[in-house]
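No gaps in the numbering here: position 82 of the sequence shown is 211 in this note's numbering, and each next residue is one more. We put the beta carbon where it would ideally sit given N, CA and C, even for glycine.
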Amino acid sequence: MKKFAPIFIIVTTIAIIGYFDSALFAEKEDAIASFPLPEEEIASATSSSEQENNQPQQIASLETKLVDVTEDDGYVVEVYREYEVFKDEAGNIIESIPTENYQYLRYKE
Numbered sequence: 130m131k132k133f134a135p136i137f138i139i140v141t142t143i144a145i146i147g148y149f150d151s152a153l154f155a156e157k158e159d160a161i162a163s164f165p166l167p168e169e170e171i172a173s174a175t176s177s178s179e180q181e182n183n184q185p186q187q188i189a190s191l192e193t194k195l196v197d198v199t200e201d202d203g204y205v206v207e208v209y210r211e212y213e214v215f216k217d218e219a220g221n222i223i224e225s226i227p228t229e230n231y232q233y234l235r236y237k238e
């Protein structure tokens, strides 16, 4: 009986995990989570998206730029800083904001 209890616990645990990973449980979860949106929310969402379309589009991207090059104990250390760059639809840079992220590249010359 003492040898049977650990095996029974392991088999029960595997069965419970298998049930939660099964497609049957996933279908029930999806059915519960899908609710139709009220018409008021749909109307407000479309009106807010229309207002956003009137403003010029800005495309945000992250770029890394070389900030500093130093020499330390025979090694060259390059310091790069990440910038958040906003561009318009034509690709012209509107704004460039530095972030707090730095990357260091150290190599021997």
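Residue(s) in a DSSP beta bridge with residue i
i	result
Tyr148	In DSSP, Tyr148 forms no bridge with anything.
Phe215	Ala189 and Glu224
Glu241	With the chain covering 130 to 238 only, the question about residue 241 has no answer from this structure.
N-terminal and C-terminal residue of the beta strand (DSSP E) that residue i is part of
i	result
Tyr189	It is Ala, not Tyr, that sits at residue 189 in the sequence shown. Ile188 to Asp201 is the extent of the beta strand (DSSP E) around Ala189.
Proximal residues to residue i (C-beta, below 6 angstroms), its chain only, five neighbours per side dropped
i	result
Val196	Val208 and Arg210
Ser225	Tyr212 and Val214
Chain-order list of residues whose beta-carbon lies under 8 angstroms from that of residue i (same chain, five-residue window excluded)
i	result
Lys237	Gly203, Tyr204 and Val205
Gln187	Phe215, Lys216, Asp217 and Ile223
Leu191	Glu211, Tyr212, Glu213, Val214 and Thr228
Tyr233	Val206, Glu207, Val208 and Tyr209
Phe253	Only positions 130 to 238 of the chain appear in the structure, and residue 253 is not among them; the question remains open.
For residue i, three-class secondary structure by DSSP
i	result
Glu229	strand
Contacts around residue i, its chain only, beta-carbon distance under 7 angstroms, and the 5 residues preceding and following it disregarded
i	result
Ile143	none
Pro135	none
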